[in-house]
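Notes follow once the structure below has been shown.
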Amino acid sequence: MSRASKNDFSPFGAHRPRGLIRRLLDYTCNAGTHWLAQRSALVARGFGLRRLRAAPVDVTVEPIAARMRLYPFNDACEKRLLFTPQYADRDERAFVAAQIRSEMTFMDIGAGCGATSLFVALRAGPGAKILAVEPQPTLYERMVFNLRQNDAPSIKALNCAVADSEGDAVLFFNPYDLSESSIRMVSVEGGGGQARVAVKSLATLARDEGFGSIDLLKLDIEGAEDLALEPFLTQEPQDLWPRALILAFSPGKWDADLRGLLDSRGYRRIARSRSYLFYQRD
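By UniProt numbering, the letter at position 115 of the sequence shown is numbered 115, and the numbering carries on one by one without gaps.
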C-alpha cells in the first residue's frame with residue numbers, strides 16, 4: 001500500500017501545521033472561487049504535499065467546524081478538506097444543510113473520514129440519529145479518530161460494506177485513493193491489495209440500528225450503489241425509503257437503471273453535481 005497508509009493515533013494537536021505548511025494552508029483555504037485563484041491554490045497544494053512528506057495534519061475544517069486529522073496522500077477527499085475545503089463538495093453540503101433538523105435520521109454509506117456525518121451531527125444536535133458506514137479498514141480507523149475529536153454523540157460508526165446480501169465480500173483497494181476502494185473490482189496498475197469485509201444490506205442496517213424512517217441517505221460506494229439501492233426500493237416498504245437521497249453517480253458501473261427506478265418510485269431529482277445526484281421524494 002502507498003505511503004501514509006498506517007494511521008497515527010497520537011493525541012490531536014500533535015500534527016498541527018507549523019511554519020511554511022501553516023502559511024500555505026492559510027493561503028489555499030482562503031483562496032477565492034474565480035479560476036485564477038483556484039488554479040493558484042492547486043499549485044500551492046502540490047508544493048504543500050511535497051513538503052509534508054507523508055505526515056498527517058491536525059486542523060479544524062472550517063466549512064464543517066470539525067476537528068479532523070487528515071491524510072492527504074492517499075485519499076482525495078482528505079486532500080481537498082485539508083487544502084481547499086471551500087471548494088470540496090459545496091453542492092453536497094448545501095443539499096445536506098437544507099435537510100438538517102433536530103431529531104433527524106441520516107445514513108451515511110461510504111462515510112470515508114467522517115466529514116459529512118460530522119457536518120450533520122454538529123448542526124442537528126444530540127437528538128439526531130446518524131449511522132456512518134465505511135468498509136475500508138484504514139479509512140474507518142481515521143473516521144473513528146475524527147469522531148472522537150468532536151462533540152458528536154449522535155453518530156455511530158460501523159465497519160462493513162453494503163450490498164444486496166448478508167455475509168462477506170472482497171473489498172478491492174486503490175492504494176493511491178483509498179476512498180475509491182470497492183467491492184466491485186478496482187483496476188490499479190500493480191495491484192492495490194484487498195481484504196475480506198462484512199457485508200450487510202440497507203434494510204438490515206436500518207432495522208438493526210433502529211431506523212424506522214430515513215430522512216437522508218447518502219450512498220457513495222464506488223460503483224456498487226445499485227447493489228445496495230435496487231433491492232431496498234423494490235422489496236422494502238415505502239415507510240423505510242429515504243425522504244432525501246445523495247447518490248454517487250457511477251452509471252458505467254451499475255447493472256441497474258437507478259435513475260429510472262428512482263423516477264418510478266416518486267423521487268424528483270433536485271440537482272446534479274460532478275459526482276452526485278440529489279433527490280427528494282414527493
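Glycine included, each C-beta is placed from N, C-alpha and C at the ideal position.
In three-state terms, what does DSSP make of residue i?
| i | result |
| --- | --- |
| I100 | coil |
| T33 | coil |
| G190 | Residue placement at G190 cannot be trusted, given a pLDDT of 48 that sits under 50; what the coordinates show is reported in the next sentence. Reduced to three states, the DSSP call for G190 is coil. |
| I183 | coil |
| A244 | strand |
| S201 | strand |
| G46 | helix |
| F83 | helix |
| Q280 | strand |
| Y71 | coil |
| R269 | strand |
| I109 | strand |
| D58 | strand |
| F172 | strand |
| A94 | helix |
| R148 | helix |
| I221 | coil |
| G167 | strand |
| R196 | strand |
| A256 | coil |
| A4 | Reliability fails at A4, whose pLDDT of 45 lies under 50, so the model's placement of it is uncertain and the value that follows must be treated cautiously. Coil. |
| A66 | strand |
| I214 | coil |
I believe residue i touches residue j by the beta-carbon criterion, under 8 Å. Please report the beta-carbon distance rounded to the nearest angstrom.
| i | j | result |
| --- | --- | --- |
| I183 | A224 | 5 Å |
| M143 | A161 | Contact doesn't hold; Cβ gap of about 15 Å is too wide. |
| A115 | C77 | 7 Å |
| L240 | L258 | Going by Cβ atoms, the distance from L240 to L258 rounds to 17 Å, so no, they are not a contact pair. |
| T105 | S213 | 6 Å |
| P237 | L217 | Not really, about 15 Å apart at Cβ, beyond 8 Å. |
| Q149 | F9 | The pair is not a contact, with the Cβ atoms about 11 Å apart (cut-off 8 Å). |
| Q86 | P56 | With a Cβ gap of about 21 Å, Q86 and P56 do not count as contacting. |
Measure the Cβ-Cβ separation of residue i and residue j and say whether it is below 8 Å.
| i | j | result |
| --- | --- | --- |
| M107 | F232 | no |
| F95 | I221 | no |
| I21 | R69 | no |
| A41 | T33 | no |
| A124 | R93 | no |
| L227 | A163 | yes |
| S264 | D91 | no |
| P135 | L171 | yes |
| D282 | A244 | no |
| S117 | I109 | no |
| residue 287 | L122 | Beyond the ends of the chain as shown, which are 1 and 282, falls residue 287; an answer cannot be given. |
| Y267 | Y276 | no |
| residue 289 | V61 | No answer is possible for residue 289: the residues shown for the chain start at 1 and end at 282. |
message: With three or more C-beta pairs closer than 8 Å as the rule, is the region 58-76 touching the region 166-179?
response: Touching, yes, given that three or more Cβ pairs across the two stretches are closer than 8 Å.
query: Of all the alpha helix (DSSP H) runs that stay within the bounds of the region 113-143, which reach a length of 4 or more residues?
result: Restricting attention to alpha helix (DSSP H) runs no shorter than 4 residues, the region 113-143 encloses them at 115-124, ordered along the chain.
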